[in-house]
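Asks: From first to last, the protein sequence lines stand for chains A and B. Count along the first sequence from 1, add 1173, and you get the number used in the numbering used here. Count along the second sequence from 1, add 1021, and you get the number used in the numbering used here. For each residue, glycine too, the CB sits at the ideal point set by N, CA and C.
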Amino acid sequence: MSDRAQHYFVPPPSHWMIVGSFALLFMAGGAAMWFNGADLGRYGVLVGFALLAFMMFRWFGDVVRESEGGKYGKWEDVSFRWGMSWFIFSEVMFFAAFFGALFYARVLAVPDLGSLASRELLWPDFSAHWPSAGPGFKDPFTPMAAWGVPALNTLLLLTSGVTLTIAHFGMIEGKRTKLKLWLFLTIALGVTFLGFQIYEYSHAYSELNLKLSTGIYGTTFFMLTGFHGFHVTIGVIMLTTMLLRSIAGHFKPKQHFAFEAVAWYWHFVDVVWLLLFVFVYWV
Amino acid sequence: MSAVIDTHGHADHEGHGYQPSGLMRWVTTTNHKDIGTMYLWFSLIMLFVGGVLALTLRAELFQPGIQIVNPEFFNQLTTMHGLIMVFGAIMPAFVGFANWQIPMMIGAPDMAFARMNNWSFWLLPVAASLLVISFFVPGGAPAAGWTIYAPLSTQMGPGMDLGIFALHIMGASSIMGSINIVTTILNMRAPGMTLMKMPMFVWTWLITAYLLIAVMPVLAGAITMVLADRHFGTSFFNAAGGGDPVMFQHIFWFFGHPEVYIMILPAFGIISQVIPAFARKPLFGYASMVYATSSIAILSFIVWAHHMFTVGMPTAALLFFMYATMLIAVPTGVKVFNWLATMWKGSMTFETPMLFAVGFIFVFTMGGFTGLMLAIMPVDVQLQDTYYVVAHFHYVLVAGSLYAIFAGTYFWIPKWTGRMYDETLGKWHFWLSLVFFNITFFPMHFLGLAGMPRRIPDYASQFTEFNQIATVGAFGFGLSQLLFLYIVLKASVFARGEKTPARPWEGADTLEWTHLPSPAPYHSFHEQPEVK
């Protein structure tokens, strides 16, 4: 709140937001058709997604140009910091809903189905122990073990947090090669993580008989790790953007909040993974 | 890329050179006042859409038996009335107030993220379109109630998918809008305006926006789970797969109860601006108002299961949620008594905003008391899903949120348009609304106590008289709102009525009255004022 003499940058009118609104209209309408058996909807989703990507590219492009053009000072920088913090908080709450579902199922729903009353009235043979696919599920499956690929993935993500911090030091010290090299390594670790997760999913489907439809265990396993994987994918795209911008000569040692925001996001995704590793894979 | 920056960024996109006119002005705008105006008009249109749905319900309920709509369509109407009023009318109206007022009240040039602000608004017509389209798909609109409980919602037709996506999009809009509001309040106040010098309206919105950011993603999670159960074979809410339909209720109400306060805290803020202005006294107990608002927000996270007293929970949980719910009466009481104490020995006049504010206190408090009764678990077991609940939440949502929206509109419309509204018609609007509101909803208490269930198109014949009174009241209330539409159109679009000075209310002392002319200029506070 120090430099009040300056003007706050208020951007001129822009066309990109309405493009984004149409994108979401196409995606939502298309998905509703697609999920209900009208294959035409697939193209709606595709068009919507393309529009959304285009819109984000142009909108964020404007922001990048404004940033590099020196439009943003300390005052705007604080806004971006608050904005990103609250966005990450909203993401925390999104994952909280899914962790809440996992804990509810493990602590309340499944034990309740195995209770005496429930067994007398509904499912006499059901014994409640986690991992469970519920009393109506007869197909045997093998739960995912923690100490194979998942442990390796934990190591990969933790390491990527370190490499990203080293890249950040490179940024602060003005050592651009260090920045680019370690940023590249971070991306490589993220992509490897995703590769392992794809391998893990196909292993689950083909050998463990563990599917999205495998009762509450399959549900929580795939939805939680799936949403996390989706966030890692977004994180990798964001990191790649940062790498391309670094190569293009963007950022200054003291002014590079876009990079910091991506780093915050990456660490957030990292923390979510640690919780996943403990509560979905391990205990 | 840097070459592009030099040629493109400076020349045509810079400064005030680029100002499209006509429709494109509104589509592309980054101005908080334009966006606030669009929010307010959108919510007014949605108020009438939701109102027509409600009047169709009341027409059907005029007599026992099925006359006008079939039961399936009746369920669609109740559901869509709820969704449209909550997400289309009340919430966008308050965001419209936030957009217009917060930058002016804290002395900021605009909202912190002007482009995101535009997108927050322009997502709403998309969501509204999806909701309207859902009426025309096979199976019709969502019909599971606005709470879309599983397993009803996991079994319905494609209309439910459209409803879910509409909620996703409205949620995204709310989250972006709230991030914008929090950031604006925290980062863009005029020098000298400490947090504890902010107008109460700004405080209530700061806390509301925090609640929205905290719970909207939880709703997104809940409806994503419904979507997955519907189409991807998951078992979140399917007991055979180890899930639990009750889990939906827990997750939904973890969102849903803070949502209730999201719809009332900005109303408290508006009332806290209006009453001091017309009592010509500063707000009594400002600090305690801030603490009371914060306490309500914190408590709102630990009371959700009072919506589910009959679903089957351990006694300890029932007791906890009952007592925690009653605790909320304490900060709410602090607020009500502070408003009364503000008026005490004030030099009061009763222009339309003040009438609505005093009406708010009177009628909202009744809704608060019925809320306390519903909080008593053994009583709630009798009243769950009866018209008593319907009466309760319309007393807090219509006489609470909507009256505050009316009060705020009359209070600030001179600042927004530069024209004074028609005072005589405004008073008519108030008295008609107050009388017809009570004719509509007061009998519902009796209906509920006598055991009439909600969300049913038919009823036993002993309920007929009270239902007929309620229906007459509802049509009276609905038609009275046409008067409101006319008053607003007259002051804004037709620009009739006397021109107002910068400060038409002598008791109003926030920055928009003391530092800006009426109507407020398109860009205000490029230079921030000093606040002593």
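1. Determine, for A:Gly1214, whether the minimum Cβ-Cβ distance to residues of chain B falls below 8 angstroms.
2. Among the candidates A:Gly1321, A:Ala1306, A:Trp1320, whose CA atom is the shortest distance from the CA of A:Phe1314?
3. Between B:Thr1492 and B:Ile1317, what straight-line distance do the alpha-carbon atoms span, to the nearest angstrom?
4. For A:Val1453 and A:Ala1270, what's the separation of their Cα atoms in angstroms?
5. Just curious, the alpha helix (DSSP H) that B:Thr1314 is in, first and last residue?
6. Is A:Asp1176 helix, strand or coil by DSSP?
7. Note the first and the last residue of the continuous alpha helix (DSSP H) segment covering A:Asn1209.
8. Could you give the first and the last residue of the continuous alpha helix (DSSP H) run that contains A:Leu1281?
9. My guess is that B:Gly1388 and B:Val1417 are in contact by the Cβ rule of under 8 angstroms, so how many angstroms apart are they, rounded?
10. Does B:Pro1474 come out as helix, strand or coil in the three-state DSSP assignment?
11. On the CB-based measure, 16 or more other CB atoms within 10 Å of its CB, does B:Ser1023 come out buried or exposed?
12. Only counting the same chain, and skipping five residues up and downstream in sequence, which positions put a Cβ closer than 7 angstroms to that of B:Ser1422?
13. What does the Cβ neighbour count give for B:Met1214, buried or exposed, with the cut at 16 atoms within 10 Å?
14. Give every residue of the same chain whose Cβ lies closer than 6 angstroms to the Cβ of B:His1328, excluding the five residues on either side of it in the sequence, and list them in chain order.
15. Going along the chain, which residues of its own chain have a beta-carbon closer than 6 angstroms to the beta-carbon of B:Pro1163, five neighbours each way excluded?
16. Using 8 angstroms as the cut-off, can you tell me whether the segment 1120-1127 of chain B makes contact with the segment 1503-1513 of chain B, which would need three or more C-beta pairs spanning the two stretches below that distance?
17. Would you tell me roughly how many angstroms separate the C-alpha atoms of B:Pro1435 and A:Ala1201, rounded to the nearest one?
18. Taking Cβ positions only, does A:His1188 come closer than 8 angstroms to chain B?
19. In chain order, which continuous runs of the beta strand (DSSP E) of length 3 or greater are located wholly inside the segment 1424-1489 of chain B?
20. List the residues of chain A that B:Asp1401 touches, going by C-beta distances under 9 angstroms, in chain order.
21. Measuring CA to CA, which of B:Trp1325, B:Val1090, B:Arg1079, B:Pro1130 is closest to B:Asn1052?
22. Looking at the strands, I want to know which residues DSSP matches up with B:Gln1582.
23. Is the Cβ-Cβ distance between A:Gly1309 and B:Ala1249 less than 8 angstroms?
24. Given a threshold of 16 other Cβ atoms within 10 Å of its Cβ, counted over all protein chains shown, does A:Gly1256 qualify as buried or as exposed?
25. Going by Cα to Cα distance, which pick from A:Trp1207, A:Met1229, A:Trp1189 is closest to A:Leu1407?
26. In angstroms, rounded to a whole number, what distance separates the CA positions of A:Arg1177 and B:Met1334?
27. So that I know if they touch, is there some Cβ in chain A lying closer than 8 angstroms to that of B:Val1090?
28. In angstroms, rounded to a whole number, what distance separates the CA positions of B:Ser1194 and B:Ala1481?
29. How about A:Glu1249 and A:Phe1199: are their beta carbons less than 8 angstroms apart?
30. Assuming A:Ser1187 and B:Arg1046 form a contact by the criterion Cβ under 8 angstroms, report the distance between their Cβ atoms to the nearest whole angstrom.
31. Taking Cβ to Cβ, would you say B:Gly1380 is nearer than 8 angstroms to B:Tyr1424?
32. State yes or no: is the C-beta of B:Gly1497 within less than 8 angstroms of the C-beta of B:Leu1453?
33. Mark B:Leu1227 as exposed unless 16 or more other C-beta atoms lie within 10 angstroms of its C-beta, in which case mark it buried.
34. If distances are taken between C-alpha atoms only, which option among B:Val1384, B:Val1158, B:Phe1118 comes closest to B:Ile1056?
35. What residues in the segment 1262-1288 of chain A bring their beta carbon closer than 9 angstroms to a beta carbon of chain B?
36. Spatial neighbours of B:His1278 within its chain, please: CB distance less than 6 angstroms, with the 5 preceding and 5 following residues excluded, ordered by chain position.
Replies: Concretely, from the data shown:
1. It does not: the Cβ of A:Gly1214 has no partner Cβ on chain B nearer than 8 angstroms.
2. Selected option, being the one with the closest Cα: A:Ala1306.
3. Answer to the nearest angstrom: the Cα atoms are 34 angstroms apart.
4. Straight-line Cα distance between these residues: approximately 14 angstroms.
5. Segment 1307-1320, the alpha helix (DSSP H) holding B:Thr1314.
6. For A:Asp1176, the predicted structure reports a pLDDT of 48, less than 50, and the residue's modelled location is therefore unreliable. A value from the coordinates is still provided. The answer is coil: DSSP assigns A:Asp1176 none of H, G, I, E or B.
7. First-last for A:Asn1209: undefined, no H or E at that position.
8. Counting along the chain, no alpha helix (DSSP H) covers A:Leu1281, and no H or E run does either.
9. The pair is a contact, with the Cβ atoms about 4 angstroms apart (cut-off 8 angstroms).
10. B:Pro1474: strand per DSSP, three-state reduction.
11. Below a pLDDT of 50, predicted positions are generally treated as unreliable, and B:Ser1023, at 33, falls in that range; the measurement from the model is reported next regardless. Around the beta carbon of B:Ser1023, fewer than 16 other beta carbons sit within 10 angstroms, so the residue counts as exposed.
12. Close CB contacts of B:Ser1422 within its chain, under the 7 angstroms cut and outside five residues either way in sequence, are with Ile1111, Met1284, Ile1285, Ala1288 (chain order).
13. Counting Cβ neighbours within 10 Å, B:Met1214 comes out buried, since at least 16 surround it.
14. For B:His1328, where only same-chain residues beyond five positions count, the Cβ hits under 6 angstroms are Trp1274.
15. Excluding residues up to 5 positions away in sequence, Thr1100, Gly1180, Met1181, Gly1184 lie with their Cβ nearer than 6 angstroms to the Cβ of B:Pro1163 in the same chain.
16. Contact check between the segment 1120-1127 of chain B and the segment 1503-1513 of chain B: fewer than three CB pairs, one atom from each, fall below 8 angstroms, which does not count as touching.
17. Rounded to the nearest angstrom, the two C-alpha atoms are 40 angstroms apart.
18. So yes, A:His1188 belongs to the interface.
19. Complete beta strand (DSSP E) runs here, min 3: none at all.
20. Those within 9 angstroms of B:Asp1401 in chain A number zero; the least Cβ separation is about 22 angstroms.
21. Per the Cα distances, B:Pro1130.
22. Not covered by the structure: residue 1582 of chain B. The range shown for chain B is 1022 to 1553.
23. For A:Gly1309 and B:Ala1249, no; Cβs fall outside 8 angstroms.
24. Buried: at least 16 other Cβ atoms inside 10 Å.
25. Strictly speaking, residue 1407 of chain A in this sequence is Ile, with Leu absent from that position. Ranking A:Trp1207, A:Met1229, A:Trp1189 by Cα distance to A:Ile1407 puts A:Met1229 first.
26. Because A:Arg1177 carries a pLDDT of 49, less than 50, the predicted location of this residue cannot be relied on, and the following value inherits that uncertainty. Between A:Arg1177 and B:Met1334, the C-alpha separation is close to 55 angstroms.
27. Answer no: the Cβ-Cβ gap between B:Val1090 and chain A never drops below 8 angstroms.
28. Cα atoms of B:Ser1194 and B:Ala1481: separation of roughly 43 angstroms, rounded to the nearest angstrom.
29. With contacts defined as CB atoms closer than 8 angstroms, A:Glu1249 and A:Phe1199 fail to qualify as a contacting pair.
30. At roughly 12 angstroms, the Cβ-Cβ gap does not stay under 8 angstroms, so A:Ser1187 and B:Arg1046 are not in contact.
31. Yes; because the gap between Cβ atoms is below 8 angstroms, this pair is in contact.
32. The answer is yes: Cβ separation under 8 angstroms.
33. Classified as buried, B:Leu1227 has 16 or more neighbouring CB atoms from the shown chains inside 10 Å of its CB.
34. From the listed residues B:Val1384, B:Val1158, B:Phe1118, the smallest Cα separation to B:Ile1056 is found for B:Phe1118.
35. Hits within the stretch, in order: Phe1262, Ser1263, Glu1264, Val1265, Met1266, Phe1267, Phe1268, Ala1269, Ala1270, Phe1271, Gly1273, Ala1274, Tyr1277, Ala1278, Leu1281, Ala1282, Val1283, Asp1285, Leu1286.
36. The residues Ser1321, Val1324, Trp1325, in chain order, have a CB closer than 6 angstroms to that of B:His1278 in the same chain once the five nearest residues on each side in sequence are set aside.
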